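A short write-up of the structure that comes next.
Residue numbers (our numbering), protein chains in the order written: chain V, 1 to 184; chain H, 1 to 139.
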């Protein structure tokens, strides 16, 4: 449970309380690092991205509109930093199910929307299986699922964070679930 | 369904930020703050430098011109050439000299000189910071 609201912390920081920004960094460090790690797939880049994100936040905090959600704003910065990082490395990891044109052949053929079977939780190597399955998803699918179920974002928040229309997010979420179920 | 998936994702391996990352971020922000401060300082220094470079010769020539047209040099030379008269009429002489002072030129030159002195002082006090930033940016 947060003891301070993001808006309050930002207002305090802008009013001259330097510690407020440190509290903000502490609160968002773990989610931003996890997000970056899931996006780029390695610890070193995730660290660099997390650092870059907070520096960018600090640089632009004066321009931040307090009527907006800070959470979605910082995640949108994180997403752009991840893309920049991957672009620099020119090694955007594509799903093994995607062809050269970027079309995902598997998803188009699967039409399974049943809820997950209970026995799936009973698998001893669930963590390993889930991690492996997540790694095999495209970054777009992976991040929608990650934000939805790990960070408990609403579709609207995901849409704002990723800078995508809400309907795109919803359909991407549905497709990601189908693919994940298949991989599990 | 949401709960099912949230339960499923609780199995996901947690990626904890390494210890020391928080300190590195705070340090990076402090460096960024210093960089911004240096940039502002450099901008201020260059502006003052350009302004004083333009205003100093301009205000000097203005001062010389005002001195030549004011007649102050005539009053001063008269005071020195006829010192006895100056001693007798020192009040009138002083008033005449004071009235013929080229005030505008003197003020303009004093301001320009002060600005140039401040610019030099700023450079001397912050030369390591300014030169370091310039070296980093251009070399």
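Every residue gets a Cβ at the ideal spot worked out from N, C-alpha and C, and that includes glycine. In this text the structure is predicted, and so the values were computed from the model without any measurement.
Taking a Cβ-Cβ cut-off of 8 Å, residue 136 of chain V has no neighbours in chain H, whose nearest Cβ is about 14 Å from it. At a C-beta separation below 9 Å, residue 70 of chain V has no neighbours in chain H, since its nearest C-beta there lies roughly 16 Å away. Between the alpha carbons of residue 137 of chain V and residue 145 of chain V lies a distance of about 10 Å. Around the beta carbon of residue 50 of chain H, fewer than 16 other beta carbons lie within 10 angstroms, which makes this residue exposed. Within the stretch 10-28 of chain V, contact with chain H at the beta-carbon level (separation under 7 Å) is assigned to 22, 25 and 26. Beta-carbon to beta-carbon, residue 48 of chain H and residue 115 of chain H are separated by about 6 Å, close enough to satisfy the 8 Å threshold. Here residue 128 of chain H is exposed: its Cβ has fewer than 16 other Cβ atoms, across all protein chains shown, within 10 Å. Per the coordinates, the alpha-carbon of residue 122 of chain H lies some 50 Å from the alpha-carbon of residue 164 of chain V. For residue 6 of chain H, the closest C-alpha among the options V:171, V:181 and V:149 is that of V:149. Measuring C-alpha to C-alpha distances from residue 19 of chain V to each of H:26, H:19 and H:109 identifies H:26 as the nearest. Distance check between residue 21 of chain H and each of V:63, V:48, V:5 and V:174 places V:48 closest, using alpha-carbon atoms only. Distance from the Cα of residue 169 of chain V is smallest, within the candidate group V:60, V:142 and V:41, for V:142. The C-alpha of residue 77 of chain V is placed about 15 Å away from the C-alpha of residue 24 of chain V. For residue 13 of chain V, the closest alpha carbon among the candidates V:35, V:29 and V:60 is that of V:60. Within the same chain, Cβ atoms closer than 8 Å to the Cβ of residue 172 of chain V are found at 140, 141, 144 and 164, the five residues on either side in sequence being excluded. Under the Cβ criterion of 9 Å, residue 42 of chain H is not counted among the residues facing chain V.
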